[in-house]
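Below is one structure, written out as C-alpha cells, with a few remarks after it.
In my numbering, the protein residues as written are 39 to 153.
Okay, structure coming up:
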C-alpha cells in the first residue's frame, strides 16, 4: 500500500488516515501503527471485493442510513458502517487478512449489519 503523508487529508481532527483507492493518506506527524495499516488494508480488501466505485457508493449510502439511526451524530454513524465495524473489530489482528473470508463485512455471524 502506498503511503502519502500530507497536511490536508483526511479532513477533520478526529481522523489520522484515509484510504482512497488503495492509497493511504496520513496526516503529517501522526503515528502510523501496524494496527492502523492493518485497518486500512482491510478496507483495501473490501474495495477489491466490491469494486472500488461500488465500495464508495455503498459506504456513502450506509453512512446516510446510519446518520438517521444515530440522530445525525456523524462520528457514531461512521463507526456503525459495516465496512468500519469489520476493520475496527479486526484491526488488532495482524494475521486477519490471511484467514478472512470474502465479503466478511456482511456476514451475519459477525453481526456487522445488526445494531
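Ideal Cβ placement from N, Cα and C applies to all residues, glycine included.
- prompt: Bridge partners of residue 63, per DSSP?
  reply: 42 and 56
**Request:** Pick out whichever of 66, 119 and 75 has its Cα sitting closest to the Cα of residue 93.
**Result:** 119
Report task. Consult DSSP for residue 145 and reduce its assignment to one of helix, strand or coil. Result -> coil
So what's residue 152 in DSSP terms, helix, strand or just coil? Note that residue 152 scores a pLDDT of 48, beneath 50, so its modelled location is shaky; the value from the coordinates is reported in the next line. Reduced to three states, the DSSP call for residue 152 is coil.
Which stretch, first to last residue, makes up the alpha helix (DSSP H) that contains residue 72?
72-88
- Query: Measuring CA to CA, which of 51, 95 and 72 is closest to residue 121?
  - Reply: 95
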